[in-house]
Amino acid sequence: MNAPLASPPSSREDILTTGTSAPAGDAPDVRRHPHTLAAAWIIARKDLAVEVRTRSAFLSAAVFTVLAAAIFFYTWDPTAVPAVDLAPGVVWVIFTFSGMLGLHRSFAGELSDRAIDALLGAPISREGIFLGKALANLIFVLAVQLVAVPAVLLFYNVDIGWTGAAMLAGITVLAAIGLVIVGTLFSAMAVNTRLAELLLPVITLPFLVPVVTAAAQATVVIMNGRPIAGAVAWVRLLAAFDLVFVVACTLAYPFTIER
Amino acid sequence: MGTTSPGENLLATPTGRTQRGAPGPPGATGNAFGWLFWLAVLCELASLARALLFTPIEAHQGAAQKILYIHAAAAFTALYLAFALMAITSVLYLWLGDPKLDRVAASAAEVGLAFTTVVLITGPLWGKPIWGTWWSGDARLTATLFLWLIILGYLILRQAVEDRALRGRYSAVLAILAGLLVPFIHLTVYLFRTMHPQPIMLKPSAPSMPAEMFRTFVLSFGASALLFVALLRARYRLAVSADALDTSHQGPA
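Protein sequence lines, in the order shown, are assigned to chains A and B. Here the first sequence is numbered in my numbering, starting from 1 and rising by one per residue. Here the second sequence is numbered in my numbering, starting from 1001 and rising by one per residue.
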């Protein structure tokens, strides 16, 4: 990986054609400059491979969600508050905190042996690195929600049917994109600060207010079996948030790199 | 700091101040405020005197309505002056990289936090007699609280980064994203039910209040804006001194 770092400020084409160390299996792609999205997919695959082989973060996040659901259950007085009034809030509180669990790891993992330098030196765009990290985090958060949401539905005995489940899944994906895109950017920043993972929730949580409010309000509509029209405005808000922040955070990422 | 001779390195600490030509001894922060601050305080007192003594009492809310002369003026200053300035200078900082812009952004954030704190304290003081509760789960209150927390997070972030250039870029990124977040918080507020009064002055139609009250409001807005400028100036000077001190400490090491 030294070749791109040590080479003089020549064009990227030069760096690529003078022969970077290539992974053995991908011979035909060696001289091709990976497109931003292709690079993102490579980075995401790498992060997910690390997670699949260790499973440390997923297991702790999954255990956390079940524990949180159980704790919420035992603080609930069923005679005072109906389950459908409480369950949406519980789902999204657990979503918020379990979502934050894996985020710090995303860039903190790259700090050992300064692996981040190799990533930044690779002939791929900075945006590709960021989107790859975000994609891996998205898949991680969604996998955790696959445990969390059924756990809450089970504990609170809420039946939303298959249509409701599909809609809830759609809302979860939209909310997860919002959480992950902001959280990934802030995790890239937080690792370079003195407070590290302590800072991450402090700066990320306020950004989740519109996401979680919208998702919770839409979930209220689904869990109560009300007409879907009541949730449309909230879903639009979620989609708009995702659109704005995916663009803004991707553009902002290059500014957060330590020079 | 390139102007200091090598021999001055031992006495590096006071150089930041002597170079700026500030007349007072180091540590005398009173000088940083200057005449503008005292003028602003005077205007603030005058606007309060006018609001309390020379403006009629509102028919429905009684004396409690007078709190709004401070509350609305502080909210206006925090939102439309402090945070707008913070967002604009942050964008410019990422573009131009001038440390002055970073200092202005940081100063605006800190002064803006003070004004938002005033909003959050005076709001419940008014809410208790009028709504019957100190704090309602109202969306606009919650939104302001979250804005306050974002600015607090911004200042915590600044404390946590040692490198000045990195600190500038990080806080600029956070400020810009916070600027993008505000419309979403507002949308959430509109979709959520709110019992906060709707705008009376800053709305498309003419302000719906008696001329006397309107003039008092304008005066209190003006005084509040002037106080903001004075505090911003003082805080900016402090930032200049802090950066100079930082440079003189890092220089020999």
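Backbone N, C-alpha and C define an ideal beta-carbon position, used for all residues, glycine too.
Scanning chain B for C-beta atoms nearer than 7 Å to the C-beta of A:Ile203 yields Gly1153, Leu1157, Leu1174, reported in chain order.
For B:Ser1136, no alpha helix (DSSP H) run applies, since DSSP gives it neither H nor E. Under the three-state reduction of DSSP output, B:Gly1097 falls in the coil class, being neither helix nor strand.
Not one beta carbon of chain B lies nearer than 9 Å to the beta carbon of A:Trp92. Taken through DSSP and simplified to helix, strand or coil, B:Gly1112 comes out as helix. Ranked by Cα distance from B:Trp1038, the first of B:Phe1228, B:Leu1238, B:Asp1246 is B:Phe1228. For the segment 112-136 of chain A, the full-length alpha helix (DSSP H) segments reaching 4 residues or more read 115-121 along the chain.
No Cβ of chain B is located within less than 9 Å of the beta carbon of A:Ala175. Out of A:Phe107, A:Val246, A:Ala83, A:Ala176, the CA that lies nearest to the CA of A:Val158 is found in A:Ala83. Residue B:Val1119 holds the alpha-carbon nearest to the alpha-carbon of B:Phe1076 among B:Val1119, B:His1060, B:Tyr1190, B:Leu1052. For A:Met189, the nearest beta carbon of chain B is closer than 9 Å to its own beta carbon.
Take the alpha-carbon of B:Arg1237 and the one of B:Gly1034: they are about 11 Å apart. Setting aside the 5 residues that flank it on each side, B:Glu1058 is surrounded in the same chain by Gln1065, each with a C-beta closer than 7 Å to its C-beta; the list follows chain order. Of all residues in the segment 202-228 of chain A, those with a C-beta nearer than 9 Å to a C-beta of chain B are Val202, Ile203, Thr204, Leu205, Pro206, Phe207, Val209, Pro210, Val211, Thr213, Ala214, Gln217, reading in chain order. Within the same chain, Glu1212, Met1213, Thr1216 come within 7 Å of B:Thr1055 by CB-CB distance, once the 5 residues on both sides are set aside. At a cut-off of 9 Å between beta-carbon atoms, A:Ala108 makes no contact with chain B. Not a single C-beta of chain A is nearer than 9 Å to the C-beta of B:Glu1110. Between A:Leu237 and the set A:Ile171, A:Pro123, A:Phe130, the nearest pair of CA atoms involves A:Ile171. Within chain A, the C-beta atoms nearer than 7 Å to that of B:Ala1160 come from Thr193, Arg194, Leu195, Leu199, in chain order. Taking the Cα of A:Phe207 as reference, the smallest distance to any Cα among B:Leu1053, B:Ala1143, B:Trp1126, B:Ser1136 is reached at B:Ala1143. Not flagged as an interface residue toward chain A: B:Ile1088, since no C-beta distance is shorter than 9 Å. Taking a C-beta distance under 9 Å as the contact criterion, A:Phe255 and A:Ile181 do not qualify as a contact pair. Ranked by Cα distance from B:His1060, the first of B:Ala1242, B:Leu1180, B:Leu1226, B:Trp1131 is B:Trp1131.
The three-state reading of DSSP puts A:Glu197 in helix, counting H, G and I together.
Nearest CB-CB separation between B:Arg1169 and chain A: below the 9 Å threshold. Judged by DSSP in its simplified three-state form, A:Glu110 adopts coil rather than helix or strand. In the structure shown, B:Glu1058 falls within a strand segment according to DSSP collapsed to helix, strand and coil.
Only residues of its own chain outside the window of five on either side were considered, and among them Ile94 have a CB closer than 6 Å to the CB of A:Ala68, listed in chain order. Within chain B, Val1173, Ile1176, Leu1177 have C-beta atoms less than 8 Å from the C-beta of A:Ala252, given in sequence order. In this structure, DSSP gives B:His1186 a helical state, which the three-state scheme calls helix. Of all residues in the segment 29-52 of chain A, none places a beta-carbon less than 7 Å from a beta-carbon of chain B. Here the C-alpha atom of B:Leu1092 lies approximately 27 Å from the C-alpha atom of B:Ala1073.
For B:Asp1098, the CB contacts under 8 Å within the same chain, skipping 5 residues up- and downstream, are Leu1092 in chain order. If you draw a straight line from the Cα of A:Pro123 to the Cα of A:Leu37, it is about 13 Å long.
Nearest in C-alpha terms to A:Ala108, of all of A:Thr193, A:Ile177, A:Ala231, is A:Thr193.
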